[in-house]
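Visitor:
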Amino acid sequence: MTGRSEEKIYEDSITNWPEEERPRERLLKSGAHALTNAELLAILLRVGVKGKSAVDLARQIIREANGLRGLDRLEPKDLYSIKGLSHAKIAQIKASVELGKRIIEESRKVEGVASSSRKAYDLLFPRMRDLKKEVFKVVFLNSQNQVIDVVTAHEGTVTMSNVYVREIINLANKFGAAAMIFAHNHPSGEPKPSNEDKDITEELVFAGRIMKIKVLDHIIIGEQKYFSFADEGLIKRYNTNFDMKKLSLSGHG
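Following this line, the structure appears as structure tokens:
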């Protein structure tokens, strides 16, 4: 009996653990970096299920999701199959993952996103890499090329009929934007632009020129790679096309 009483045996609930070993208390004392992924997730879950502590449940969730990136990829409906996950817990998990991605995005906003396609890609990639459908985003910038906001303009295949150029320009005016960077993802992983991608980009460049709002780039995000319209000389070409069209119209006047 004496030997057994000295063994470290806990009941399932974390509240029965020694205080110095509970994830929440350890986080407050030592910082979040001291905790494992499962322990951090357990803090969000708060409680486990019968026979499993919150940490055990968190380990199961991470294992079934194939890691944190897998957890990000999963839709809320995919998580309902895991026993112990309620609507509230799933919402908390997805919200926390999204906040983490936005923290990364915020930290990159001050790095001069307009200075290169790579920096724009680095800003957007964490939020767009695992999307299962095409999402069209606009980065609005001020006259100092600082990011004002990143807005989702459309979800679904990018075509002339469903990306509303006028609405994007109206948003730019609302934000007082001086420049824009467009981005959308290709869930296939191949970022090569389609003819529709090229058409909508030229239309947006033309609209920007009319409203005196610069279009700096359109980036297509694939799997660990991207296509930049600016790097490939297409933004410059579309601006030249606009100038030639304007010159042609003025000549006919």
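If you read the sequence shown in the UniProt record's numbering, its first letter stands for residue 1, the second for the next number, and so on. Where is the CB? At the ideal position from N, CA and C, for every residue including glycine.
1. Would you list the one or two residues that DSSP bridges to Ile148?
2. Measuring only from the beta carbon, is Lys50 closer than 8 angstroms to any heavy atom that is part of the ligand ZN?
3. On the criterion of 16 or more Cβ atoms from any shown chain inside 10 Å, does Asn185 qualify as buried, or is it exposed?
4. May I have the straight-line CA-CA distance separating Ala88 from Arg69, to the nearest angstrom?
5. Determine the closest residue to Arg102 out of Asp231, Glu232, Val151, Glu196, with distance taken between C-alpha atoms.
6. If Ile221 and Met128 are in contact, beta carbons under 8 angstroms, what's the gap, nearest whole angstrom?
7. Since Val215 sits in a beta bridge, which residues does DSSP pair it with?
8. The beta strand (DSSP E) with Thr141 in it runs from where to where?
9. If you compare alpha carbons, which of Glu223, Asn195, Phe175, Val165 is closest to Ile210?
10. Determine, using beta carbons only, whether Ala91 and Ser143 come nearer to each other than 9 angstroms.
11. Alpha carbon to alpha carbon, how far is Asp230 from Asp217?
12. Just curious, the beta strand (DSSP E) that Tyr226 is in, first and last residue?
13. Give me the DSSP bridge partner(s) of His154.
14. If you follow the alpha helix (DSSP H) that Asn37 is in, where does it begin and where does it stop?
15. In terms of DSSP beta bridges, what is Arg113 paired with?
16. Tell whether a beta-carbon distance below 9 angstroms holds between Glu181 and Val139.
17. Looking at the structure shown, is Lys245 part of a helix, part of a strand, or coil, going by DSSP?
18. Between which residues of its own chain and residue 260 is the CB-CB distance below 8 angstroms, once the five residues before and five after are set aside?
19. For the putative contact between Ser228 and Ser117, defined by C-beta atoms under 8 angstroms, what is the C-beta separation to the nearest angstrom?
20. Indicate the three-state DSSP secondary structure (helix, strand or coil) for Ile82 in the structure shown.
21. Check for me: the alpha helix (DSSP H) holding Val55 runs from which residue to which?
22. Starting from Asn185, follow its DSSP beta bridges and name the residues at the other end.
23. Closest to Glu190 by CA distance: which of Glu223, Leu79, Leu27 is it?
Guide: Working from what's here:
1. None; Ile148 has no bridge partner.
2. The model depicted lacks the ligand ZN and carries no ligand whatsoever.
3. buried
4. 21 angstroms
5. Val151
6. 5 angstroms
7. Met180
8. According to the sequence as given, residue 141 is Leu; it is not Thr. Start and end: 135–141.
9. Val165
10. no
11. Strictly speaking, residue 230 in this sequence is Ala, with Asp absent from that position. If I take the Cα positions, the gap works out to 5 angstroms.
12. 226–228
13. Phe136
14. 37–45
15. Contrary to the premise, residue 113 reads as Val rather than Arg in this sequence. Val113 is not bridged to any residue.
16. The sequence given here places Ile at residue 181; Glu does not occur at that position. Yes, these two residues count as a Cβ contact at 9 angstroms.
17. helix
18. Outside the displayed span of the chain (1 to 253) sits residue 260, for which this structure offers no information.
19. 4 angstroms
20. coil
21. 54–65
22. Ile221
23. Glu223
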